[in-house]
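Just so you know, we're using this note's numbering here: the sequence shown kicks off at 5 and counts up by one.
Ideal Cβ placement from N, Cα and C applies to all residues, glycine included.
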Amino acid sequence: MGKSYYHIFLIIISMLIHPICNARSLIGITDLRCENLINPNAIDNVNPHFSWKIAYSKGQMQQRFYEIQVASDSIALLNNKADLWNQGKVRSSSSVMVSYNGRPLSSRLLCYWRVRIWNDKGEVSDWSDIARFGIGIVGNDKMQGSYIGLPVGAGNTQTPLLRKKFRIENTGTSFLHINSLGYHEIYINGTKVSDDVLSPAVSQLNKRSLIVTYDVSNYLKKGENELVIWLGSGWYKKTTFGTDHDGPLVKAQLDILYNKNWNTILTTDSSWLGSQSGYMDTGTWQALQFKGERLDRKLTPIDLSPSTLNCMTWSQVVEVNLPGHKASPEMTQPNKIQEIFIPKNIKQLGDSTWLVDMGKALNGWFEIHFPKLPEGHEILLEYTDFLDKDGNFLDQGQSDIYIASGTGKEVFKNKFNHHAFQYVRVSHLKEKPVKEDIKAYLIHTDYRDRSSFECSDLDLNAIHNMIKYTMRCLTFSGYMVDCPHLERAGYGGDGNSSLETLQTMYDVSPLFMNWLQAWDDSMCEGGSLPHVAPNPGAGGGGPYWCGFFIVAPWRIYVNYNDSRLIEQYYPAMKEWLKYVEKYTVDGLLKRWPDTPYRDWFLGDWLAPIGVDSGSELSINLVNNCFVSDCFGIMEKIATVLNKPDEAKDFAQRKVILDQLLHKTFFDADKNMYSTGSQLDMSYPMLVGVTPSDVYDKVKDQLFRETKEKYNDHIAVGLVGVSILTRWAIENKSADFIYSMLKKRDYPGYLHMIDNGASTTWEYWSGERSRIHNCYNAIGSWFYQALGGIRTDEKNPGYKHVYIEPQIPEGVTWAKTSVDSPYGKVSVDWSLEDTVMKMNVTLPVGCSATVIVPANAHKSKVNGLDLDKTKSSIEIGNGVSELTFSLI
């Protein structure tokens with residue numbers, strides 16, 4: 005049974021078996037997840053993890069027990085017959101990433117599960133709704149069939165249509181496994197399967213491709229059926245991953261469930277037929293060469309019905325052998341269209357040239373309907389994310405070509421490429437297009453928004469909203485890019501800088517599961533890592549870029565209580581640190597060599613004019629501070645993984661390095677490190693290099709340099725924004741950050757906004773790219789400082805949080821929330837004269853320590869006076885009202 009009817013079916017059956025009672029439980033179980041995914045069809049392992057959220061309608065509670073049931077049949081599970089896991093009542097407060105502990109699971113097994121809990125009051129919840137998960141094609145089980153595609157020399161092999169007719173005698177639960185090298189769309193009997201676009205997610209295509217599994221139960225019929233796979237080459241090109249075939253390939257396997265056993269009824273082989281489709285990719289997909297698509301409407305079918313397909317020219321496909329290639333189930337959500345825009349303005353530039361302004365920058369597709377055109381007439385569509393200061397269109401190497409059919413029905417829409425743009429120049433079109441005939445589609449990975457922020461300062465709101473929207477434009481296809489149009493590369497430095505912002509604002513644990521797999525696949529002999537993953541070619545960066553492989557898994561653990569990444573990649577992290585040791589001289593990391601897959605050796609990147617981030621002194625300090633940072637994280641990871649000896653070793657290595665850094669780079673006469681830049685000063689303080697007896701002097705010098713040298717402006721680049729933000733949060737320096745955020749001239753965020761930005765830029769000055777991932781790390785400050793919600797690394801996933809708003813002078817209220825793995829954590833505070841009021845809402849499973857403001861002389865919690873000697877307040881789930889009378 006297909007997804008669209010699955011839950012309705014189970015609810016009806018549940019009502020028949022268990023009639024609704026008048027008295028319902030006060031405890032609700034919601035948001036069931038398996039491997040942090042909702043009802044996944046095919047996970048990549050046989051040891052899944054389960055998560056759920058708890059709602060309680062009567063005060064506070066704690067989970068004391070849970071009971072999970074897993075079965076191979078949903079109806080049996082409703083009748084309390086769990087044949088896979090029926091452990092019974094388990095004493096535990098865990099409700100996030102609970103490990104499966106039932107009978108061994110196997111490849112291609114479809115499972116159903118539910119959970120109920122008991123609280124500390126002896127109350128029990130009803131059983132949750134039934135969720136399901138499938139085990140993908142894993143272990144020794146391999147996909148059947150062959151990789152197929154159009155033969156070389158068959159014309160345009162880049163976007164072929166592949167078709168196969170087949171018969172089935174019985175319908176039922178049916179799963180279609182698609183392993184495409186390049187993008188794919190699936191059609192059964194003329195209907196597109198799912199609303200996914202640009203599938204699958206990215207992978208290191210010279211080593212691994214991904215299997216996407218679709219529930220196609222609702223698309224099949226008894227008797228004759230037809231399956232069509234529309235392919236696009238995407239990243240699978242000789243110019244990127246040195247592919248084995250000139251054109252995309254696909255392997256498909258259709259299984260139908262009969263009597264609890266999967267029966268494979270169709271696979272890909274040489275009996276399939278192929279045809280050109282009318283689409284052509286015009287780019288090499290190397291940096292600055294993504295271009296777009298050429299659509300010849302005469303060659304493109306108006307639909308994919310059998311009658312239309314029968315009018316096309318078909319030829320036999322070829323089978324292609326790919327030795328040593330891995331294929332594994334996709335473990336991230338797919339891309340989907342998330343938002344639709346219509347033009348803000350259409351301006352005439354010439355006799356047959358028009359400028360379409362979508363009003364906002366975005367990453368995705370463009371659609372335009374044309375009036376009747378002569379057959380063969382070509383329309384040129386060019387894309388850019390900004391105009392120059394004189395309003396002139398800037399060529400960013402993004403363009404599409406539309407060739408008219410002459411039938412009167414003329415429409416262009418992207419399919420297997422995408423653009424980052426606000427403006428579209430339409431050329432060779434005599435008649436002015438109308439707004440109603442144009443749409444733009446924002447596309448990104450289908451993760452969930454999990455945050456909100458608003459405060460009394462409209463400038464801060466504008467900066468926050470710009471950064472939050474930018475994250476949506478940069479995160480697609482299961483990874484995060486520097487920019488979607490010029491390089492489209494998963495740079496580790498860009499990801500490192502903004503990962504705390506991204507992970508706070510959005511629920512992106514599955515995206516990082518996919519991205520970190522590409523990083524692991526990209527590791528070379530001896531532990532060497534690129535600066536970009538997946539890695540189709542060299543990309544610039546430095547240790548801060550490679551070390552994303554250590555930082556990102558740790559932050560996933562802290563923010564989502566998801567330990568899979570640190571468990572899986574801890575050995576590879578140690579391999580990379582061995583590579584670091586190889587280029588460590590007299591205790592300090594020095595420049596390592598460029599390779600075909602990695603360029604440069606940066607410290608900071610794209611700092612404002614006047615900041616010497618390219619100084620060798622600065623580069624060596626910043627990179628070795630980062631190594632210290634990594635040692636500290638590795639100590640924590642080893643501790644979590646119960647490796648105390650290794651944790652101790654990393655701690656000792658960090659102490660030795662920190663002492664050497666202070667000795668080498670500190671100028672005691674000036675109380676300054678290295679060049680004295682904001683990054684050079686804040687990073688040693690952040691990682692523990694700076695001794696306590698000079699810490700305040702260094703901090704004062706940082707403030708002095710910022711005021712006198714930089715006129716209270718931000719003076720850091722991609723790396724520095726992240727480090728300065730972290731340092732400011734830890735040091736409660738809200739006024740320091742606030743004064744920089746309020747600057748309206750160069751360099752600054754308001755400078756971007758005042759110059760029309762809806763997304764953040766690559767350069768503070770606005771050069772080259774204006775949808776970019778350089779300066780977004782400041783986004784975490786809104787939540788952790790101004791909102792006051794900080795995670796506790798010893799109780800990850802917001803199981804315990806610290807609440808301590810840092811309030812700059814001039815801000816009078818803020819409302820902040822983060823939907824944690826346990827539920828929504830929110831802080832709503834306001835200042836009225838000398839009284840601070842704060843409402844804190846915590847979900848079941850979460851507790852908080854509220855730090856009492858240092859200048860409070862009287863505090864109340866839920867109307868009761870607090871002991872004046874207390875510096876903090878412990879609160880549990882539910883709503884707590886706090887009042888602080890300030891001096």
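- Cβ contact annotation for I383 (same chain, cutoff 6 Å, sequence separation greater than five): Y406, H432, L433, in chain order.
- Closest by C-alpha distance to G499, out of T177, H489, I554, is I554.
- C528 and H535 have their C-alpha atoms spaced approximately 12 Å apart.
- For secondary structure counted as the beta strand (DSSP E) over 3 or more consecutive residues, the segment 16-87 holds these complete runs in sequence order: 31-38, 53-60, 67-75.
- Taken through DSSP and simplified to helix, strand or coil, D441 comes out as helix.
- With contacts defined as CB atoms closer than 8 Å, V848 and M101 fail to qualify as a contacting pair.
- Put simply, the segment 162-177 does not touch the segment 134-145. Fewer than three CB pairs are less than 8 Å apart.
- Comparing alpha-carbon positions, the option among V197, R708, K364, S203 lying closest to N421 turns out to be S203.
- The residue among F635, E620, D463 with its C-alpha nearest the C-alpha of M577 is F635.
- DSSP, reduced to helix, strand and coil, places S319 within a strand of the structure shown.
- The Cβ neighbour count for N563, taken over all protein chains shown within 10 Å, is at least 16; the residue is labelled buried.
- The Cβ-Cβ distance between C629 and Y687 falls below 8 Å.
- Within the same chain, and ignoring the five residues on either side of A365 in sequence, the residues whose Cβ sits closer than 6 Å to its Cβ are D389, Q426, S762, T763, I775.
- For A331, the pairing in a beta bridge is given by DSSP as S213.
- When only Cα atoms are considered, S332 and V201 end up about 19 Å apart.
- Counted as a single uninterrupted DSSP element, the beta strand (DSSP E) harbouring F425 occupies residues 423-431.
- The C-alpha of S834 lies about 36 Å from the C-alpha of S769.
- Runs of alpha helix (DSSP H) with 4 or more residues, each lying fully within the segment 473-561, are found at 496-509, 513-526, 547-550, listed in chain order.
- Considering only F605, S632, V631, the residue with the shortest C-alpha distance to S619 is F605.
- Among the bridge pairs identified by DSSP, F397 is matched with L391.
- By alpha-carbon distance to F69, the top candidate from I31, A80, G63 is I31.
- Three or more Cβ pairs drawn from the segment 839-854 and the segment 869-882 lie within less than 8 Å of each other, which places the two stretches in contact.
- When only Cα atoms are considered, Q342 and E334 end up about 20 Å apart.
- Within the same chain, and ignoring the five residues on either side of F740 in sequence, the residues whose Cβ sits closer than 8 Å to its Cβ are F707, T710, A732.
- DSSP places C459 in the strand class (E or B) of the three-state scheme.
- Counting only residues of its own chain and dropping the five nearest sequence neighbours on each side, G760 has a CB closer than 8 Å to the CB of F390.
- Remark: C-beta atoms of V232 and L326 do not approach each other more closely than 8 Å.
- I33 places its beta carbon less than 8 Å from that of S129.
- A check of alpha carbon separations from S319 across L359, V360, W276, K351 identifies W276 as the nearest.
- The segment 162-237 is shown to contain whole beta strand (DSSP E) runs of 3 or more residues at 165-172, 178-185, 187-192, 212-219, 227-236, in chain order.
- With respect to F370, H423 sits close: the two C-beta atoms are nearer than 8 Å.
- Put simply, the backbone Cα of R136 is about 42 Å away from that of R602.
- Counting only unbroken stretches of 3 or more residues, the beta strand (DSSP E) elements lying wholly within the segment 829-878 are 839-846, 851-855, 860-865, in sequence order.
- Fewer than three Cβ pairs drawn from the segment 243-259 and the segment 396-415 lie within less than 8 Å of each other, which leaves the two stretches out of contact.
- For F416, the pairing in a beta bridge is given by DSSP as I372.
- With a cut-off of 8 Å on Cβ pairs, the segment 823-839 is in contact with the segment 800-812, counting three or more such pairs.
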